[in-house]
Every structure is written in structure tokens, then in C-alpha cells.
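Here it is, written out as C-alpha cells:
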């Protein structure tokens, strides 16, 4: 299994509070991604990174920001959590292979009350 | 833009039955195609992949063939087991000239339940 960890694994927070989720990899892969998974929507890309300090928006980036100061860590921040951000968040990584296949972390279940 | 359409589930089968989960896609250029599997409470695991037309990806008894003429990548298994019960996702990585950051587009997922 690819060395990807996510923390925390579960979190309950209140509306309006900032929340930061962490993704850590030990594979030295260049690319990292944050997705959210919701019933009926599959997985949707929030933000991705193609190198240290290089990030870009995905399809559902509103209300989220990211940072990548080291190759191994990719942080996702909910600036002011809302109930619509209750979801399961997955981090993924990929390297410079032909297919750029992605490998996923175990997920963080976030509940915003 | 790119899109992936999977057959709607849930799919319920008896053990040792034949499995097909349909997946069709829309993309420009020459996408790579993937099947991922998600077991309850876990992240997605790469099941198989194909990078060019007529490639067959295979793993753990599952197979899928990249059909460019029908823009399809259907997942098949000859004899399913109870342990195959999971959610299956078809995904596509589009290729855009000389630049790609590996972004995936996923289908909605198909729930498979296999009964003894």
C-alpha cells in the first residue's frame, strides 16, 4: 500500500470555525490531490498540487484553501466551515508514471454541526 | 469536458455469478482509464488500468478492455465472491497535449452486493 496518512480521521466541528485536514505521504510523489465524497456525487476534486508551493483549483474549490510547503504534506483548510462541507475527504497522490494512477488515503470524515 | 457514466446500482448477485459493470466515457485526446474499488469505511484502491485503445487491464480476476470505438471500459469478473462486495468507480485521466497533472474524473460509483 502507498504510504499515505490523513489526520484527523474523524472530526466534528461547529459552523463558522476553521478546520485544517492534513495529508502526509512517504512516497516522494510530486502530485497530491484533495477530493470530497458525497452520496450521489461520487468523488469531486477540490484542489491539487503539482509541486511544493504549486497548487490549483479543482471543480469544487469554493470555501477551501490548500498549502504545500513540503513534498510530503498537503493541507486542506476550510476557512469557515458550513454544514454543506460535511463530507468524507480523501487525499490522493500520484507520481510520474505513464498513467499517473492515483493512490488514496484512508479518508477523514468531517461533520459540521 | 471529460465525463464518465457508470451503470446505476445497486447490483446484487449470488456468489459465483458473472459480473458486468458498464462504464462509458467522453473525452478528447487519448485518456487513461481506471477502475477503483472502495470497501466499507476505507479509501479507494486501484483495481486495474488501461492506457491505450485495446489494452486489457486485469487484477484479482477482474478485467476491463479499453474500447475506443465504443468509448467504453466495462468491468467484468467471471465468478464473484462475497468478498467482492464493495463500491466500484470508473475513472478517466484526460490527456491535454504535453501537460497533465493527472486529474481524474470519476463516475458515480456502483454498489455491488454478493450474497452467499
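Chains as they are written, first to last, in my numbering: chain A, 23 to 135; chain Y, 233 to 348.
For glycine and all other residues, C-beta sits at the position ideal for the given N, C-alpha and C.
These numbers were taken from a predicted model, which means no experiment stands behind them.
Partner residues on chain Y for residue i, Cβ-Cβ distance less than 9 Å
i             : result
residue 111/A : None at all; the shortest Cβ gap to chain Y is about 11 Å.
First through last residue of the beta strand (DSSP E) which encompasses residue i
i             : result
residue 41/A  : 41 to 47
residue 291/Y : 288 to 291
residue 70/A  : 64 to 73
residue 284/Y : Looking at the DSSP string, residue 284/Y is not in any beta strand (DSSP E), and its letter there is neither H nor E.
residue 33/A  : 32 to 35
Proximal residues of chain A, C-beta to C-beta of residue i below 7 Å
i             : result
residue 235/Y : Correct list: empty, because the minimum Cβ distance to chain A is about 11 Å.
residue 278/Y : 123 and 125
Which listed residue (the options) has its alpha carbon closest to that of residue i
i             : options                : result
residue 307/Y : 301/Y, 296/Y and 300/Y : 296/Y
residue 272/Y : 320/Y, 340/Y and 326/Y : 320/Y
Proximal residues of chain Y, C-beta to C-beta of residue i below 7 Å
i             : result
residue 129/A : 275
residue 67/A  : 335
Within chain A, partners of residue i - CB distance below 9 Å
i             : result
residue 283/Y : 120 and 121
residue 264/Y : 120, 121, 122 and 123
Residues sharing a beta bridge with residue i, DSSP
i             : result
residue 235/Y : 258/Y
residue 337/Y : 324/Y
residue 53/A  : 116/A
residue 308/Y : 252/Y and 295/Y
residue 79/A  : 69/A
Proximal residues of chain Y, C-beta to C-beta of residue i below 8 Å
i            : result
residue 64/A : 321, 338, 339, 340 and 341
Residue i CB to nearest heavy atom of the ligand NAD below 6 Å
i            : result
residue 25/A : Of ligands this structure carries none, so the ligand NAD is not represented either.
Under 8 Å by beta carbon: chain A residues contacting residue i
i             : result
residue 363/Y : A question about residue 363/Y goes unanswered here, because the residues of chain Y that appear run from 233 up to 348.
residue 315/Y : Neighbours of residue 315/Y on chain A: none; closest Cβ ~18 Å, over 8 Å.
If you scan the stretch 249 to 274 of chain Y from start to end, which runs of the beta strand (DSSP E) of 3 or more residues do you find wholly inside it?
-> Qualifying beta strand (DSSP E) stretches, in chain order: 251 to 253, 255 to 258 and 264 to 270.
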